[in-house]
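Enquirer: Residue 28 is where the sequence shown starts when you use the numbering used here, and the numbers rise one by one after that.
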Amino acid sequence: MPKTVKLNWEFVFREFEKRGYILTTPAYKNAFHPLFYICQKHPQVVQYIVYNSLQRGCGCWYCGLEKKGLARRLQLDQVIKATEENGMIYEGLINPDETLHSKSYVRYRCPKHPDVYQQMRYNNIQQKFGCPFCYEGEAQGHEVSQQRPR
Ligand SMILES: [Zn+2]
Ligand SMILES: [Zn+2]
Numbered sequence: 028m029p030k031t032v033k034l035n036w037e038f039v040f041r042e043f044e045k046r047g048y049i050l051t052t053p054a055y056k057n058a059f060h061p062l063f064y065i066c067q068k069h070p071q072v073v074q075y076i077v078y079n080s081l082q083r084g085c086g087c088w089y090c091g092l093e094k095k096g097l098a099r100r101l102q103l104d105q106v107i108k109a110t111e112e113n114g115m116i117y118e119g120l121i122n123p124d125e126t127l128h129s130k131s132y133v134r135y136r137c138p139k140h141p142d143v144y145q146q147m148r149y150n151n152i153q154q155k156f157g158c159p160f161c162y163e164g165e166a167q168g169h170e171v172s173q174q175r176p177r
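#1: Per the DSSP calculation, phenylalanine 2 is bridged to which residue(s)?
#2: Leucine 127 and tyrosine 144: beta carbons closer than 9 Å?
#3: Ligand 2: which residues have Cβ under 5 Å from any of its heavy atoms, chain order?
#4: Let me make sure I understand the geometry here. Which of Cys137, Phe38, Asn113 has the alpha-carbon closest to that of asparagine 57?
#5: Just confirm the distance between the C-beta atoms of methionine 115 and tyrosine 132, as a whole number of angstroms; I'd bet it's less than 8 Å.
#6: Based on the DSSP output, what are the partners of tyrosine 132 in its beta bridges?
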């Protein structure tokens, strides 16, 4: 008897089970045949996937959204950390609903100029750009001391 490596339904069922899904399609044909399943975290909706995609790491759409939400929270943590490392007080994003990227505007305040709400692109914060008022003060002071009398 030749041993077949062909996937059987039980094997596929267990593969779904490992990911927290319940396979509801009662037969397995091939890796490109849609299989219906229920995600145990989102049992209100029946979804389908081909086994090939499941193997590639695809799965429940809602779990994917939650992962994206988590990724966004992690990103936000980084923005807050970068702002605070710059010595600024993080006040939020200018467009809180936009997808975070390096050109997103961050709202912050300088502890030395707390009356002014300022904003800066995230990539500038990462480059350690500081408060323009502090910078101006320093620059002016510097220029004055270097200025030659006319
Ligand atoms: Zn899910
Ligand atoms: Zn300042």
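All residues carry an ideal CB built from backbone N, CA and C; glycine is no exception.
Remember, predicted model here, so these are calculated numbers, not experimental data.
Expert: By the coordinates alone:
#1: Because the chain here runs from 28 to 177, residue 2 falls outside it and cannot be looked at.
#2: no
#3: Cys137, Lys139, His140, Cys158, Phe160, Cys161
#4: Phe38
#5: With a Cβ gap of about 13 Å, methionine 115 and tyrosine 132 do not count as contacting.
#6: Arg148
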